[in-house]
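Residue numbers (our numbering): 1 to 213. Beta carbons are placed, not taken as given, at the ideal position from N, Cα and C, and that holds for glycine. What you are looking at is a predicted structure, and each value in this text was computed from that prediction instead of being measured. To keep things clear, I will list the structure first and then write my remarks on it.
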Ligand code: SIN
Ligand code: FE2
């Protein structure tokens, strides 16, 4: 397994002083993650939300946890209820709490307890333009981002929209963590290329764990 190449410790790449790529860290969690994903999308199906500018996002999304990230013509916000079903989002599964904690601790952020998980689904061609994660109340907690399925290129920029960006290839099982001085870095995902993943088919699933409330 990829995660065992370095004597049981997954390869860690430093992307910025407080941003790390943990290669393959999620691989041992995959069977439980896929089972959890089935449950989540059964209760809260993926949907294409509209941006405040009025455009449908190419990425489809859902959430789990006490709070879920939503977008509509009035703006971006966290909400305890799924606006489509008016029911609470499905709970954050234990497997995600465990993975988030392992990843955050390895990246230098001990005691991370997320209360929100945004689940993004990218079909080939879907992309996410450069943005900051800044709808959370407290920026002292990091962001933990788990990638499953077909590969993508993550773009990590600086604290303003202009300037140099780093292109980071992400594979199934990779986890990126950013926090502290890097918490508000701009980031995005380039249009995802056509590909097939043996477990997930032609899609990439990204789970972004945050402390939102
Ligand atoms: C996000 O910024 O919400 C998702 C990033 C990713 O899909 O890798
Ligand atoms: Fe983001």
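In this structure, ligand 1 has no non-hydrogen atom nearer than 6 Å to the beta-carbon of residue 51.
Going by beta carbons, residue 144 and residue 103 fall inside the 7 Å limit.
Non-local beta-carbon contacts of residue 25 in its own chain, meaning distances under 8 Å to residues more than five positions away in sequence, involve 3, 10, 99, 102, 103, 106, 173, 174 and 175 in chain order. Counting other Cβ atoms within 10 Å of its Cβ, residue 191 stays below 16 and is therefore classed as exposed.
About 6 Å separates the Cβ atoms of residue 92 and residue 117, confirming a contact at the 8 Å cut-off. In this structure, the beta-carbon distance from residue 136 to residue 210 falls below 7 Å. If you draw a 10 Å sphere on the C-beta of residue 194, you find fewer than 16 other C-beta atoms in it, and that means exposed. Beta-bridge analysis with DSSP links residue 56 to 50. DSSP places residue 153 in the strand class (E or B) of the three-state scheme. In terms of side-chain proximity, the C-beta atom of residue 133 is found nearer than 6 Å to a non-hydrogen atom of ligand 2. Residue 163 sits in coil when the DSSP states are folded into three classes, being neither helix nor strand.
Relative to ligand 1, residue 206 has its C-beta within less than 6 Å of a heavy atom. DSSP places residue 177 outside any alpha helix (DSSP H); the residue lies instead in the beta strand (DSSP E), whose first and last residues are 175-178.
With three or more CB-CB distances shorter than 8 Å, the stretch 113-133 counts as touching the stretch 200-208. Assignment of residue 182 by DSSP, reduced to helix, strand and coil, places it in the helix class.
DSSP places residue 21 in the uninterrupted beta strand (DSSP E) bounded by 19-22. Beta-carbon to beta-carbon, residue 125 and residue 58 are separated by about 7 Å, close enough to satisfy the 8 Å threshold. Per the DSSP secondary-structure output, residue 204 pairs in a beta bridge with 122 and 149. 166 is the residue among 166, 71, 201 and 199 whose C-alpha sits nearest the C-alpha of residue 20.
In this structure, residue 157 keeps its C-beta atom at 7 Å or more from the C-beta atom of residue 139.
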